[in-house]
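For any residue, its number in my numbering is found by taking its place in the sequence shown, counting from 1, and adding 262.
Beta carbons: idealized from backbone N, C-alpha and C, even for Gly.
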Amino acid sequence: MANSTNSNLPLDRKDIMILIAGLCIMMIGFFVMTLDKEPFGFGFLGITLGPILVLIGVILPIFSLFKIKK
Numbered sequence: 263m264a265n266s267t268n269s270n271l272p273l274d275r276k277d278i279m280i281l282i283a284g285l286c287i288m289m290i291g292f293f294v295m296t297l298d299k300e301p302f303g304f305g306f307l308g309i310t311l312g313p314i315l316v317l318i319g320v321i322l323p324i325f326s327l328f329k330i331k332k
């Protein structure tokens, strides 16, 4: 790759890394929900922490994609 500054991709490296980080946070959130030992996942991990991580994993890339570039 001779010159990566004139790329035709709509996203730059920082945006792609934020998207990948959001996907990883979502996967971690779903994994945390499976760790809950309460019946039907009604403990702290399944009802509070896991969904919060999934929500952060969804919101982070959305704000990354829709931010105003100068």
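Neighbourhood of residue i by C-beta, 6 Å cutoff - its chain only, sequence neighbours within 5 removed
| i | result |
| --- | --- |
| residue 308 | 295, 298 |
| residue 326 | 277, 280 |
| residue 302 | none |
Residues near residue i in its chain [Cβ-Cβ closer than 8 Å; skip 5 each side]
| i | result |
| --- | --- |
| residue 290 | 315, 319 |
Under 8 Å between C-beta atoms of residue i and residue j
| i | j | result |
| --- | --- | --- |
| residue 284 | residue 322 | yes |
Spatially closest choice to residue i from the options, by CA coordinates
| i | options | result |
| --- | --- | --- |
| residue 292 | 324, 328, 313, 270 | 313 |
| residue 288 | 317, 328, 273 | 317 |
query: Which full runs of the alpha helix (DSSP H) of 4+ residues lie inside the stretch 267-306, going along the chain?
result: Counting only runs of 4 or more, we get 275-296.
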